[in-house]
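Chains as they are written, first to last, in the numbering used here: chain A, 143 to 514; chain B, -12 to 240. Note that beta-carbon positions come from the ideal geometry of N, C-alpha and C, so glycine has one too. Heads up, the thing below is written out as C-alpha cells.
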Ligand SMILES: Nc1ncnc2c1ncn2[C@@H]1O[C@H](COP(=O)(O)OP(=O)(O)O)[C@@H](O)[C@H]1O
Ligand SMILES: [Mg+2]
C-alpha cells in the first residue's frame, strides 16, 4: 500500500476513481449475454424461418416448451447462484409425475390433495439432497448425480408396480375432470380476453369469429410469474443477498452470520418443487405420465442458467438471464421446424450456443472488471 | 499460569475464558487458556505463527466449538453454535482471512447478515446501506473506490479496511481483531489504531492480535503471550518490556 502513504489528508474521494458509467454498469449485468443471444437467434429465425413462426400461435408454440424448461431453469439458476447444482431435477420430474399420477389413479385422491402431496414429497427429497450435500461435504454434483439415477430407476419400478407392468400411466385426465383447480394447473388462461381480441380484430380469428389461439397456456403464466417472483427474491430481499453470499463464499457468509445451511437447503427444496410443478403441469396437459418424462432436462436447465450468466462457481448469476436462456431453447427447438434445416441439428446448435454464451459472458465480465 | 487480578470487581468481565482447550485431531492448538476481558480494556494477544491465536478468535466467535473449557459472556455461561449467535451477543470479529464475499459489493459486505430493509415487504434498502457505508468508509479514512465496488476489485489493505469498518461499526460489547493492520500502510495503520482507542472510549472490550510489538505497546492495557498453544503469561503493559515479551514469545529466556 505504498501509494496510500500520501493519503493522510483523506476524507476526500480518491482522485483515481471515476464514477462507473451507466454503460459500464449495464455491461456488468449477468443477463446481458442471454438477451444478446435471444436477439441474435430471433433475427436469425426472422430471416430463415417461415413467417408464421412469429405470429401469435407460433410464439405460443415455442413458448410452451420454453416455459416447462424455464421453470426448471429458474430453480437451477437460484441454486447455482447459491453455489450448488441439482442434476436430479429431470428424474425428479418423472418421479413426481409418478407420485402425482399414483395419487390420482391408484389412491383416488382429490386433485388438490394430490397436488399438495406431490409438492410435499418433492420438497422432502429436495431437503434430503441438501442435507446430504451439507452434512457430508460432498460436492452437490456427486450427490445429485446419484439421485439422477435413483429417481429415474424408482420411477420405472414404481410405474410398473402401479400399472401392472407398463412404463406409462394413462387415464389421468378422466379422473380429474371438473375439478376447479384444473384451471390453475392445466389448460389455457384468459380465454375470454382472447375471444374479445379476436372479435375486435386484434388477433387472428377463424371465419366463425373464434380466435385461432383460444388462450394462453397456463405453464407460460407460471413461467413468467415464477421468474418475476424469483427475481424479486434474488435482487430485492435479504434472502436473495444471502443466496449470493452463500454461493460466493460459504465460509465468509457463515462467519458474517448468514444462515448458509438453511439457505442452501431451501434452494434444494425450491429446485425440487420446480420439478414437481413441471411434472404436475405436463401430466395434466397430456393426461398421462411415463418413465421418460424430464429426460436430460437437468442439463438443459443448467445450460439455460449458464447462458443466462450464472457462474459454475456460484455467487453470480440472474434469474432474468435463465428466463431468456430458456426462451432461446424453446425458440431453437421449435424454430427449426419452421425452416428447411434438418431438425437433428438441434443438439449441435445447443452445444454451440452454450459455448458461445459462456465465452461471451466471460469476455464481457472481464472487460467490465478490467481483469484478463 | 497467571490469573487476572486487574479490572473492577463490581461488574463481571465481558468475556471470561476458563481452561479453553482445542484439539485438531492430534494437534493441540490450544492447551489451557484462561483470560478475563473487561469493558473498556484492550488486551493484546501475541505469539509466533501457529501459536493458536486465530484458533482462539474462532472459538470465541463461534466458528469452532472448544474441545474443553468454559466461556462466560457478562458472567453467563455461553456456548455459540455458530457465528451469528456470537454476533447477536454483541461480538464482532475482524478475521485474519477477512470473511468477505468476493463478488458482492462493499456495502453488501458491510451489511451482510444484517441488511437494512424497508417497507411491509421487507425490501432491501440499498440506498440506505450505500449511504451509511459511504459515511462509514469516510470516517475510517480508507480509500475505497465506491461503496458499490465489488470486493475482488479491492487491494488487500482496502479489504482489511472493509472488515474493520464492519466490525467496529456493529460491535456492541467485544471486538476481536486478528492482525487487523497486517495489510495496511503507515497512515492507514495510524488511523486504525486511533479507531481501536475509540473502541475503548466507547467502553467496548478489545482483543487485539498483532505481530507489531510497537503497536501492542502503544495500544494494549495488558499483553497475553501464547507459545505453541500454551499460554505463557498475561502482563500489564506498564510492568513489562518489549524484550521480556520477545523472550516469552520465542521461549529463549
Ligand atoms: N482447521 C484446522 N484444522 C487442523 N489444524 C488446524 C486448524 N486450524 C489451525 N490448526 C492448527 O492449529 C495451530 C494453531 O493455528 P492458528 O490458530 O491459526 O495459529 P496463529 O493464528 O497463532 O498463527 C497450528 O498448528 C495449525 O496448523
Ligand atoms: Mg493466525
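Between residue 209 (chain B) and residue 33 (chain B), the C-beta gap is not smaller than 8 Å, which leaves the two residues out of contact. DSSP places residue 163 (chain B) in no alpha helix (DSSP H) but in the uninterrupted beta strand (DSSP E) bounded by 161 to 165. Apart from sequence neighbours up to five positions away, the residues of its chain that approach residue 218 (chain B) with a beta-carbon distance below 6 Å are 20, ordered along the chain. Under a criterion of Cβ atoms nearer than 7 Å, the residues of chain B adjacent to residue 400 (chain A) are, in order, 99 and 100. For residue 93 (chain B), the enclosing alpha helix (DSSP H) begins and ends at 93 to 97. The DSSP assignment places complete alpha helix (DSSP H) segments of no fewer than 4 residues inside the region 31 to 85 of chain B at 40 to 47 and 70 to 75, in order along the chain. Sequence-distant partners of residue 145 (chain B) (beyond 5 residues in either direction) whose C-beta falls short of 8 Å from its own C-beta, in its chain, are 129, 130 and 131. Under the three-state reduction of DSSP, residue 221 (chain B) is assigned to strand. The beta carbon of residue 309 (chain A) sits closer than 7 Å to the beta carbons of 298, 301, 302, 432 and 433 from its chain, once the five residues preceding and following it are set aside; these are given in chain order.
Contact with chain A is found for residue 86 (chain B), since one of that chain's Cβ atoms lies less than 8 Å from the residue's Cβ. Against residue 95 (chain B), the close residues of chain A are 383, 386 and 387, in the order they occur along the chain (beta-carbon pairs closer than 9 Å). Separation of the CB atoms of residue 382 (chain A) and residue 457 (chain A) is rounded to 12 Å, and the pair is thereby denied contact status at 8 Å. Under DSSP, residue 311 (chain A) takes part in a beta bridge, and its partners are A:431.
Taking the Cα positions, residue 339 (chain A) is about 34 Å away from residue 174 (chain A).
If you check the C-beta of residue 218 (chain B) against ligand 2, you find no heavy atom less than 7 Å away.
Under the three-state reduction of DSSP output, residue 240 (chain A) falls in the helix class. With the criterion CB distance below 6 Å from any heavy atom of ligand 1, the matching residues run B:11, B:14, B:16, B:34, B:36, B:37, B:38, B:39, B:40, B:41 and B:42 along the chain. For the pair residue 421 (chain A) and residue 218 (chain A), the CB atoms are not nearer than the 8 Å cut-off. In this structure, residue 83 (chain B) has its CB closer than 7 Å to one or more heavy atoms of ligand 2. Rounded to whole angstroms, the Cβ separation of residue 215 (chain B) and residue 236 (chain B) is 10 Å, and the two are not in contact under 8 Å. Interface with chain B (8 Å Cβ-Cβ cutoff): residue 379 (chain A) is included. Residue 115 (chain B) has a beta carbon lying at 8 Å or more from every beta carbon in chain A.
Cβ-Cβ distances below 6 Å link residue 435 (chain A) to 235, 236 and 239 in the same chain, with the five nearest sequence neighbours on each side left out; the list follows chain order. Among the residues of the region 60 to 82 of chain B, those with a Cβ less than 9 Å away from any Cβ of chain A are 69, 70, 71, 72, 73, 74, 75, 80 and 82, in the order of the chain. Residue burial annotation: residue 189 (chain A) is exposed, with fewer than 16 other C-beta atoms found within 10 angstroms of its C-beta. Interface residue (Cβ-Cβ distance to chain A less than 8 Å): residue 149 (chain B) is not classified as such. Non-local beta-carbon contacts of residue 6 (chain B) in its own chain, meaning distances under 7 Å to residues more than five positions away in sequence, involve 19, 21, 55, 56 and 57 in chain order. For residue 89 (chain B), the nearest beta carbon of chain A is closer than 8 Å to its own beta carbon. Within the same chain, 323 come within 7 Å of residue 254 (chain A) by CB-CB distance, once the 5 residues on both sides are set aside. Annotation: Cβ neighbours of residue 50 (chain B) in chain A (cutoff 7 Å, chain order): 397. DSSP places residue 354 (chain A) in no alpha helix (DSSP H); its state is neither H nor E. Taking 8 Å as the upper bound on Cβ-Cβ separation, chain B lies near residues 457 and 458 of the region 440 to 465 of chain A. At least 8 Å separates the beta-carbon of residue 220 (chain A) from that of residue 287 (chain A). The beta carbon of residue 390 (chain A) falls within 8 Å of a beta carbon belonging to chain B, placing the residue at that interface. By the CB criterion at 8 Å, residue 430 (chain A) and residue 312 (chain A) fall inside the cutoff.
Distances from the CB of residue 165 (chain B) to the heavy atoms of ligand 2 include at least one below 7 Å.
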